[in-house]
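Asker: Got a structure here, written out as structure tokens. Questions coming.
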Amino acid sequence: MFRMQKGARIESLVAPQHLLRSLHSTMISPTAKEIFIQGITKDGRTFRPSDWAERLAGVMCSFRPGGAYPGSHLSYSPWCIPTTINGVKCVVVNRALRDAEPMAWDFCVNFARDNDLQVAEACLVPDAPIPPKKA
Numbered sequence: 001m002f003r004m005q006k007g008a009r010i011e012s013l014v015a016p017q018h019l020l021r022s023l024h025s026t027m028i029s030p031t032a033k034e035i036f037i038q039g040i041t042k043d044g045r046t047f048r049p050s051d052w053a054e055r056l057a058g059v060m061c062s063f064r065p066g067g068a069y070p071g072s073h074l075s076y077s078p079w080c081i082p083t084t085i086n087g088v089k090c091v092v093v094n095r096a097l098r099d100a101e102p103m104a105w106d107f108c109v110n111f112a113r114d115n116d117l118q119v120a121e122a123c124l125v126p127d128a129p130i131p132p133k134k135a
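Residues 1 to 135 (the UniProt record's numbering) are what the sequence shown spells out, left to right.
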């Protein structure tokens with residue numbers, strides 16, 4: 001299971017293809033906590049260059065809680081993280097980026113749209129409570 005925050009998990013990342021195709025032409029759901037920009041074009045080709053996710057996340061490294069600080073360019077922003085899910089390169093963009101820096105959010109969304117990349121929405125839900133151990 002891919003973990004984003006302690007105590008939360010991705011409930012769903014898979015969406016029907018017709019929803020993925022229409023996501024860019026409609027507004028992203030207001031309930032989506034994160035979007036996953038996938039390294040697959042709408043026609044199913046792998047997006048190149050192979051380090052695109054790291055490059056995009058690197059551009060966003062200054063946008064973080066509390067703003068940029070000396071050395072912040074050496075780590076990814078917690079709001080824009082490159083990862084691989086099921087063998088597909090992705091960038092996970094948190095809705096907090098939109099709240100803090102709308103232009104940075106738009107840059108990520110437009111990057112996906114301009115490069116015809118598939119995008120999926122995710123909503124984090126807490127893990128079920130662990131039942132107490134029986135004595």
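Backbone N, C-alpha and C fix where the C-beta goes; we use that ideal spot for every residue, glycine too.
Is there contact between the region 50 to 67 and the region 77 to 96, where contact requires at least three CB pairs shorter than 8 Å?
Answerer: yes
Asker: Do Ala96 and Ile81 count as a contact pair if the criterion is CB distance below 8 Å?
Answerer: Working through the sequence shown from its first residue, we reach residue 81 at position 81. Working through the sequence shown from its first residue, we reach residue 96 at position 96. No, these two residues do not count as a Cβ contact at 8 Å.
Asker: Give the secondary structure of Phe107 by DSSP, where H, G and I count as helix, E and B as strand, and everything else as coil.
Answerer: Within the sequence shown, residue 107 is the residue found at index 107, counting from 1. Phe107 sits in a helix when the DSSP states are folded into three classes.
Asker: I need the boundaries of the beta strand (DSSP E) containing Leu117, first residue and last residue.
Answerer: Residue 117 sits at position 117 when you count from the first residue of the sequence shown. Per DSSP, Leu117 belongs to the beta strand (DSSP E) from Leu117 to Ala122.
Asker: Can you tell me whether Pro70 is helix, strand or coil according to DSSP?
Answerer: In the sequence shown, residue 70 corresponds to position 70, counting from 1. Coil.
Asker: So the candidates are Ala100, Lys33 and Pro30; which of them puts its Cα closest to the Cα of Ser62?
Answerer: On the sequence shown, position 62 is the one that residue 62 refers to. It is Ala100.
Asker: Leaving out five residues before and five after Asp116 in sequence, what residues of the same chain have Cβ atoms less than 6 Å from its Cβ?
Answerer: Here residue 116 refers to the residue found at position 116 of the sequence shown. The answer, listed in chain order, is Thr41 and Lys42.
Asker: CA-CA distance, Arg48 and Gly39?
Answerer: Your numbering for residue 48 matches position 48 in the sequence shown. Your numbering for residue 39 matches position 39 in the sequence shown. Going from the Cα of Arg48 to the Cα of Gly39 covers about 8 Å.
Asker: Less than 8 Å between the beta carbons of Ile104 and Phe36, yes or no?
Answerer: Along the sequence shown, read from residue 1 onward, the residue named residue 104 stands at position 104. Along the sequence shown, read from residue 1 onward, the residue named residue 36 stands at position 36. In the sequence on display, residue 104 carries Ala and not Ile. No, the pair does not count as a contact, with Cβ atoms beyond the cut-off.
Asker: Here's the rule I'm using: 16 or more other beta-carbon atoms within 10 Å means buried, otherwise exposed. How should Asn86 be labelled?
Answerer: In the sequence shown, the residue the question calls residue 86 occupies position 86. Asn86 comes out exposed.
Asker: For Leu23 and Gly44, what's the separation of their Cα atoms in angstroms?
Answerer: As a working note, residue 23 is residue 23 in the sequence shown. As a working note, residue 44 is residue 44 in the sequence shown. With a pLDDT of 41 at Leu23, under the threshold of 50, the modelled position of this residue cannot be trusted; read the value that follows with caution. For Leu23 and Gly44, the distance between alpha carbons rounds to 16 Å.
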